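In my numbering, the protein residues as written are 21 to 115.
Ideal placement from N, C-alpha and C gives every residue a C-beta, glycine not left out.
Note that the structure is predicted; figures quoted are calculated from it, not measured.
If you want it as structure tokens, here you go:
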């Protein structure tokens, strides 16, 4: 069993924006790739905050419950989905 406890006002996108502002002020959200796999990652899929978002395939299991969906979804789920994304990024970098 897994459980995420947080205040209603907290979400991952807000946390990431805070980290970017404090530690990486030269980075802008529209150039940051976010990755997630479940409802607790939904704020990272909000295109108005982070337009470059990826969900691994199992995020589609929750699509009926999500207001924001990722811009791209891998064909593989879980760890294999992350590996798929890593391979795509490496290939794009070499091109």
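Please classify residue i as buried or exposed, where buried requires at least 16 other C-beta atoms within 10 Å of its C-beta.
i, result
"residue 73", "buried"
"residue 84", "exposed"
"residue 99", "exposed"
"residue 67", "exposed"
"residue 95", "exposed"
"residue 63", "buried"
Check each candidate in the options and name the one with the smallest Cα separation from residue i.
i, options, result
"residue 39", "52, 27, 76 and 29", "52"
"residue 61", "110, 77 and 33", "33"
"residue 47", "107, 80 and 36", "36"
"residue 86", "56, 111 and 106", "56"
"residue 109", "82, 79 and 54", "54"
With distances taken between CB atoms, is the gap from residue i to residue j smaller than 8 Å?
i, j, result
"residue 102", "residue 88", "no"
"residue 90", "residue 75", "yes"
"residue 93", "residue 115", "no"
Report the CB separation of residue i from residue j in whole angstroms; it is logged as a contact under 8 Å.
i, j, result
"residue 70", "residue 97", "So it is not a contact: roughly 21 Å between Cβ atoms."
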